[in-house]
Amino acid sequence: MPSGTTTSGRQATAAPSAVRSAAAFAIELKGISKAFGSVQANKDISIAVPRGTIHGIIGENGAGKSTLMSILYGFYRADSGEILINGTPTTIPDSQSAIRAGIGMVFQHFKLVQNFTVLENVVLGAEEGALLAGSLSKARRVLADLSREYELDVDPDALIEDLSVGHQQRVEILKALYRQADILILDEPTGVLTPAEADHLFRILSGLRDQGKTIILITHKLREIMEATDHVSVMRRGTMVGTVKTAETSPEALAELMVGRKVLLEVDKGAPNPGKTVLSVQDLHVRDEHGVERLKGVSFDIRAGEILGIAGVAGNGQSELLEALGGIANASGRIVLNGSDLPLSGAAANGQTRREAGIAHVPEDRQHLGLIMDFEAWENVAFGYHNAPEYQKNALFMDNDALRADTAKKMERFDVRPPIPTLPAKSFSGGNQQKIVVAREIERNPDLLLIGQPTRGVDIGAIEFIHKQIVALRDAGKAILLVSVELDEIMSLSDRIAVMFDGRLMGFRDPETTNERELGLLMAGVTEGTA
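Heads up: the sequence shown begins at 1072 in the numbering used here, then just goes up one per residue.
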């Protein structure tokens, strides 16, 4: 992208230098435009990415980042514009063409066959001949070399379903490298990773860059951009507003470029004013479908006007806790809401019963538990609240027009893009899907809000907005249980922090007096006694 002035008035330092030749760039996109009906996803976008660098692309949800990368990877065809790979004009009509051009893509939601081994997944689609034995043997040798060279250690004979999310992501990177990709596109790569896994991923990417690979990193996390990238391009509403050297910018400046206004990067909240106990959990146990105990005698209280944050590495019982409280999973023990016992059978205590009791639930997995992806936005907003009086036309039918109008208002208040209630949920970006779920639950004025990973895959402007809604709900005297793998989110939002490890609560901490090191040790099961 040529040097120019950003829309905020700042001088943007473009990645290319006037004295560099075109061959210095691994990728050049010139005048790329793409529309879906009346929605202009990309508008006249130009960008150049130098070889052997990590180039960040950031923007709000719906800014057009994923559409642009989907064009580069051959999922979409641009309406106009030109693509150059290593200085050569290149047509990319499909993903196979992208792979032949040396481009690999690691998606936010992995494209792996769960009951195949690592080796089988790597070879899938890249077989050489009708017999697999030769392909598998070659792949085993190549994977061993790649694993050593790039710190991508994964057991080639392990089943995907038995691997952690972090190791599954390594498999996706190995797939691309096995196909001899020199350019890697990673779309929100840390959205499902723990902090430790994310740190390891960026060590891997740094090693790939040092070996001459070119990395395009799409993320909404400004900390990752500042730590991992050499240049960063900022998109807003389908246009490119600037490309800058990472070392010459700041999180505040990038946030302002993304949103078009100053953004508060820290949560603005006053001291809590806790009232009566709203939720009391006593000796709660949950077993999974295999009989493995996932919650092991968890007990805690949450008062009105208080946010209790649950910190922990994913997979240590936080999901089961939310599901038990939300009436999804069977449990034993006792759950008391506003002085009344709630049933502990997931079958008997369905979501409607919990909602009637005054519980709203934003689940961790929006696509499987929060939405039906093929249903339209207004239908998703109705889930669990379809019996509300304002949605009833008469005793027999819902007032669909009222629902669509109400959804349009919610989309406007929560800045869902595009603000079209009749679009199916799958047509929205992940962050806008999250806004739909959060709007549906928060706006029902619950006594207790269960909220899991509230800002996963959400851009900086929406994070600020969601955080404000959570704090406003607390200040209105509501009780909130917050589960997040983002330690900075836990520490900035919570009034008290509980740490989970292996299905147990390791202890409670005051966010004003604790630190990430202490919480990290508790998350690893280390207490003063065990240390």
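C-beta atoms are modelled at their ideal positions from N, C-alpha and C, and glycine is treated no differently.
Within 9 Å, strictly: CB atoms of residue i and residue j
i            : j            : result
residue 1401 : residue 1357 : yes
residue 1131 : residue 1308 : yes
residue 1135 : residue 1306 : yes
residue 1368 : residue 1546 : no
residue 1116 : residue 1311 : yes
residue 1191 : residue 1237 : no
residue 1240 : residue 1146 : no
residue 1112 : residue 1098 : no
residue 1438 : residue 1504 : yes
residue 1105 : residue 1149 : yes
residue 1288 : residue 1257 : yes
residue 1127 : residue 1303 : yes
residue 1521 : residue 1396 : yes
residue 1441 : residue 1424 : no
residue 1133 : residue 1488 : yes
residue 1286 : residue 1103 : no
residue 1380 : residue 1568 : yes
residue 1189 : residue 1110 : no
residue 1374 : residue 1348 : yes
residue 1555 : residue 1578 : no
residue 1515 : residue 1588 : no
residue 1461 : residue 1470 : yes
residue 1319 : residue 1528 : no
Residues sharing a beta bridge with residue i, DSSP
i            : result
residue 1549 : Residue 1549 pairs with nothing; no bridge assigned.
residue 1351 : 1372, 1407
residue 1258 : 1289
residue 1537 : Looking at the DSSP assignment, residue 1537 forms no beta bridge with any residue, so it has no partner.
residue 1447 : 1495
residue 1111 : 1106
residue 1463 : 1469
residue 1126 : 1287, 1302
residue 1316 : 1302
residue 1578 : 1570
residue 1155 : 1099, 1160
residue 1311 : 1306
residue 1356 : 1367, 1403
residue 1188 : 1230
residue 1268 : For residue 1268, which the question treats as bridged, DSSP gives no partner whatsoever.
Rounded Cβ spacing between residue i and residue j (contact assumed at less than 8 Å)
i            : j            : result
residue 1393 : residue 1403 : That belief does not hold up - the Cβ atoms of residue 1393 and residue 1403 are roughly 17 Å apart, past 8 Å.
residue 1231 : residue 1185 : 5 Å
residue 1390 : residue 1435 : 6 Å
residue 1198 : residue 1206 : 5 Å
residue 1245 : residue 1193 : 6 Å
residue 1247 : residue 1177 : 7 Å
residue 1114 : residue 1153 : That pair is no contact at about 15 Å.
residue 1179 : residue 1502 : Incorrect: roughly 11 Å between the Cβ atoms, too far for contact.
Of the residues the options, the one placed nearest residue i, counting alpha carbons only
i            : options                : result
residue 1301 : 1459, 1122, 1368       : 1122
residue 1517 : 1492, 1548, 1539       : 1548
residue 1354 : 1281, 1575, 1431       : 1575
residue 1526 : 1519, 1514, 1539, 1515 : 1539
residue 1344 : 1425, 1550, 1429, 1206 : 1550
residue 1452 : 1179, 1582, 1474, 1461 : 1474
residue 1290 : 1318, 1097, 1326       : 1326
residue 1611 : 1496, 1577, 1515, 1491 : Only positions 1072 to 1602 of the chain appear in the structure, and residue 1611 is not among them; the question remains open.
residue 1592 : 1571, 1464, 1583       : 1571
residue 1541 : 1102, 1286, 1371, 1378 : 1378
residue 1448 : 1467, 1425, 1481, 1428 : 1481
residue 1253 : 1281, 1553, 1224, 1598 : 1281
residue 1557 : 1471, 1457, 1382       : 1382
residue 1271 : 1314, 1258, 1224       : 1224
residue 1485 : 1493, 1469, 1507       : 1507
residue 1432 : 1234, 1364, 1188, 1509 : 1509
residue 1519 : 1372, 1299, 1528, 1465 : 1372
residue 1096 : 1158, 1139, 1137       : 1158
residue 1479 : 1227, 1323, 1450, 1342 : 1450
residue 1446 : 1493, 1468, 1427, 1410 : 1493
residue 1174 : 1189, 1144, 1188, 1183 : 1144
residue 1552 : 1350, 1219, 1211, 1595 : 1350
Closer than 8 Å: residue i CB and nearest the ligand MN heavy atom
i            : result
residue 1540 : Among the components modelled here there is no ligand, and therefore nothing to report on the ligand MN.
Taking contact to mean 3 or more Cβ pairs, one atom from each stretch, closer than 8 Å, check whether the stretch 1552–1569 and the stretch 1335–1347 are in contact. With the rule of 3 Cβ pairs closer than 8 Å, the stretch 1552–1569 counts as touching the stretch 1335–1347.
Mind the definition here: the stretch 1283–1303 touches the stretch 1205–1220 only if three or more C-beta pairs lie below 8 Å; say whether that holds. Three or more beta-carbon pairs separated by less than 8 Å are not found between the stretch 1283–1303 and the stretch 1205–1220, which leaves the two stretches without contact.
Under 8 Å, with one C-beta from each stretch per pair, do the stretch 1151–1167 and the stretch 1272–1279 reach the 3-pair mark? The answer is no - the stretch 1272–1279 does not touch the stretch 1151–1167, with fewer than three Cβ pairs under 8 Å.
Count the C-beta pairs between the stretch 1323–1330 and the stretch 1523–1539 that are closer than 8 Å, then say yes if the count reaches three, no if not. Contact between the stretch 1323–1330 and the stretch 1523–1539 is present, because at least three Cβ pairs lie under 8 Å.
So, do the stretch 1405–1414 and the stretch 1497–1511 have three or more beta carbon pairs nearer to each other than 8 Å? Contact fails: fewer than three Cβ-Cβ distances are below 8 Å.
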